[in-house]
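Protein chains: 2
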Amino acid sequence: MADILHRIGVTASPDAVYTALTTVDGLASWWTEDTEGDAGVGGVLRFRFGPPGGFDMKVLETEPGRQVLWEVVDGPEEWIGTRVRFDLKREDDFTIVLFRHEGWKEPVEFMYHCSTKWATFLMSLKAVLETGTGEPAPRDVRISNWH
Amino acid sequence: MADILHRIGVTASPDAVYTALTTVDGLASWWTEDTEGDAGVGGVLRFRFGPPGGFDMKVLETEPGRQVLWEVVDGPEEWIGTRVRFDLKREDDFTIVLFRHEGWKEPVEFMYHCSTKWATFLMSLKAVLETGTGEPAPRDVRISNWH
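Protein chains in written order, with our numbering: chain A, 1 to 147; chain B, 1 to 147.
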């Protein structure tokens, strides 16, 4: 098993970060504009990225201002069954987001891509909360031929 | 053991990317302006980031247009003995960089930070080769309270 790890600090409250992770509008502001579904525990969120498709995430756990945990229930084969975890804490004047996309069976090349792409989307989360403007798909940062 | 993985694609030749990874001037253009040392196999490169310190890397292997491998010989305790690997290949109209910072003993919080920070530096590598302007330290992208 292999995990993608990231850490960012956002100059916004834990509640603001939590809202960006647990509402359809919040998620659409930094990850993909094409976000639909039910963000409550037990619900399924559908994230789409145009022709490449996207991901369906079941919301497993949420704790206001503290934690969000999803399980991938549909999408690329390598993603299915993996989990995406956001842990929040306050430190200095930042809300720290510890991100973990865990449970990859193998460190395939697609995992390398997703790791970098997650970093750019987390920087988009930081940007939307600090400046009001994120870079969600389809306006996301292009990192390679795989977009 | 845990690894940081990233993948970017650069619209520059493998030789240009290789030069940015194997010369002091090239490394200073995207990672840190305070780069010194010997970039040849067996040499030691010293990367500094102001008060936080930096890293000394021994160059273990280089293959023009294909691969660069370093071992961390001085720096933060968590980094010592880890290896940093860049594998290059041509795909579509991009030079693909597969990056791996391998051999972390534990997935400590500092590893989360370094993963995101590596992503922003690799985007700086892409930027300097595509636009002529990178974001090396001390002009690097701030991602959190840990900078």
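Glycine is no exception: its CB is placed at the ideal position from the N, C-alpha and C atoms.
According to DSSP, residues forming a beta bridge with T110 (chain A)
Note that residue 110 (chain A) corresponds to Phe in the displayed sequence, not to Thr. DSSP links F110 (chain A) through a beta bridge to no other residue.
Practice problem: With a threshold of 16 other CB atoms inside 10 Å of the CB of D92 (chain B), please say whether the residue is buried or exposed. | Solution: With fewer than 16 other CB atoms across the displayed protein chains lying within 10 angstroms of its CB, D92 (chain B) is exposed.
message = 9 Å is my cut-off, CB to CB: does K126 (chain B) come that close to chain A?
response = yes
Worksheet item: Should G9 (chain A) be labelled buried (16 or more other beta-carbon atoms within 10 Å of its own) or exposed?
Response: buried
Check: Going along chain A, which residues have a C-beta under 9 Å from D3 (chain B)?
Finding: A2 and P107
Checklist entry - DSSP beta-bridge partners for W79 (chain B)? => result Beta-bridge pairing links W79 (chain B) to no other residue.
Next on the checklist: What ranges does the beta strand (DSSP E) occupy inside the stretch 28–105 of chain B, keeping only unbroken runs of at least 3 residues that lie completely in it?
Outcome noted: Fully contained in the stretch 28–105 of chain B are the following beta strand (DSSP E) runs of length 3 or more, in chain order: 34–37, 44–48, 54–63, 67–74, 83–91 and 94–104.
List the endpoints of the continuous beta strand (DSSP E) containing K10 (chain B).
Going by the sequence as given, residue 10 (chain B) is Val instead of Lys. Taken as a continuous stretch (DSSP letters only), the beta strand (DSSP E) holding V10 (chain B) covers A2 to V10.
Practice task
Report yes if the C-beta distance between V97 (chain B) and L125 (chain B) is below 9 Å; otherwise report no.
Solution key: yes
In angstroms, rounded to a whole number, what distance separates the CA positions of P51 (chain B) and E135 (chain B)? 18 Å
task = Give the range of the alpha helix (DSSP H) segment to which V17 (chain A) is assigned.
result = Unbroken alpha helix (DSSP H) run through V17 (chain A): P14 to T22.
#### Entry: Contact test: E102 (chain B) Cβ vs the ligand FMN heavy atom, cutoff 8 Å
Of ligands this structure carries none, so the ligand FMN is not represented either.
Requested in this report: Using a Cβ cut-off of 9 Å (strictly closer), state whether A137 (chain B) contacts chain A.
Outcome: no
- Is the stretch 74–81 of chain B touching the stretch 95–113 of chain B in the sense that three or more CB pairs, one from each, lie closer than 8 Å? yes
Using a Cβ-Cβ distance under 9 Å, would T62 (chain A) count as near chain B?
Chain B, which has no Cβ nearer than 9 Å to the Cβ of T62 (chain A), makes this no.
I'd like to confirm the pairing. Which residues does DSSP put opposite A137 (chain B) in its beta bridges?
B:T32
Worksheet entry | Whether F94 (chain A) touches T22 (chain A) by CB criterion (9 Å) | no
For E61 (chain B), collect the residues of the same chain with a Cβ closer than 8 Å to its Cβ; drop the 5 residues on either side in sequence, then sort them by chain order. V41, Q67, V68 and L69
#### Entry: Reduced DSSP category for S144 (chain A) - H, G, I as helix; E, B as strand; rest coil
coil
| request: Please say whether D56 (chain B) and G26 (chain B) have beta carbons closer to each other than 9 Å? | output: no
Thinking just about the alpha-carbon of each residue, which of B:P64, B:W118, B:D3 and B:F47 is nearest to the one in V73 (chain B)? B:F47
* Excluding the 5 residues preceding and the 5 following R90 (chain A) in the sequence, name in chain order all residues of the same chain whose CB lies nearer than 7 Å to its CB. => P14
With a CB to CB cut of under 6 Å and the five nearest residues on each side skipped, what residues in its chain are close to F121 (chain B)? W31
(message) Does the CB of L98 (chain B) have a neighbour CB from chain A at under 9 Å?
(response) yes
Self-check item: Backbone CA spacing between F99 (chain A) and K117 (chain B) [nearest angstrom]
Solution: 13 Å
Item to check | Interface flag, E33 (chain A) vs chain B, CB-CB below 9 Å | outcome: E33 (chain A) does not count as touching chain B.
* To do: Report yes or no: is there a C-beta of chain B within less than 9 Å of the C-beta of Y18 (chain A)?
  => no
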